[in-house]
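See below for the structure under consideration.
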DNA sequence: ATAATATTTAGACATTTGTCTAAATATCTA
DNA sequence: TAGATATTTAGACAAATGTCTAAATATTAT
């Protein structure tokens, strides 16, 4: 999530689930590179991949996002 | 912020500002390593360093934290 | 069974992290 | 000015990222 490409992927998935191809074509980058970013997001638990026929649909796992949000809130709550 | 050490540093700084040394002694790690993490946090705009005499005080920059929080909220708001 | 489509894996290579020890720099104190 | 204290810089090295091209795998359609 340090990475701009990965953040953008998450933004794309915010509205609707997408196939690997639909995601990849948004970027000016080779498909294997995008696939690699998807792999990292998957490993981090931020997205889920589901194979449907020859397509692979990706969607956001909000659970992990919510945890990050909760962690971050520690810092704003305590406005000091 | 991927890194556990850096997250822990931020948690330490949540309550009070600390010197580099006070931070470093919390970790089972060489001081230069901690210094390196502080450098990365500084570069990311997450902390601010202020030199006072021979000490360097570190504090959190909540601005960047707030931006991250705002970004993350995009995802929970739209509960789908 | 073969060809076409969708996606990932493999292998390469440069950059960034994460860690260390040793040395340098800056400040305070005697 | 010398010595002590606080912190960073330098240089090394392994692991993780970020990117590519070429090849492999899986699924669908002919």
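Residue numbers (this note's numbering), protein chains in the order written: chain A, 1 to 80; chain B, 101 to 180.
For glycine and all other residues, C-beta sits at the position ideal for the given N, C-alpha and C.
{"Asked": "Interface residues of chain A around residue 168 of chain B at Cβ under 8 Å?", "Found": "72"}
{"Asked": "Can you list, in chain order, the residues of its chain with a C-beta nearer than 6 Å to that of residue 127 of chain B? Leave out the 5 residues immediately preceding and following it.", "Found": "134"}
{"Asked": "Exposed or buried, which one is residue 136 of chain B when buried takes at least 16 other CB atoms within 10 Å?", "Found": "exposed"}
{"Asked": "Any beta carbon from chain A within less than 8 Å of residue 157 of chain B's own beta carbon?", "Found": "no"}
{"Asked": "Can you pull the chain A residues whose beta carbon is under 8 Å from the beta carbon of residue 163 of chain B, in chain order?", "Found": "Residues of chain A passing the Cβ test: none, with the nearest at roughly 11 Å."}
{"Asked": "If we ignore side chains and look at the alpha-carbon of each, how far apart do residue 171 of chain B and residue 113 of chain B end up?", "Found": "22 Å"}
{"Asked": "Per DSSP, which residues does residue 149 of chain B bridge with? Please list them.", "Found": "B:158"}
{"Asked": "Given a cut-off of 8 Å on the beta-carbon distance, is the pair residue 66 of chain A and residue 176 of chain B in contact?", "Found": "yes"}
{"Asked": "Name the one or two DSSP bridge partners that residue 18 of chain A has.", "Found": "A:58"}
{"Asked": "Give the DSSP-derived three-state secondary structure of residue 74 of chain A in the structure shown.", "Found": "helix"}
{"Asked": "Using the C-alpha atoms, what's the distance from residue 131 of chain B back to residue 2 of chain A?", "Found": "25 Å"}
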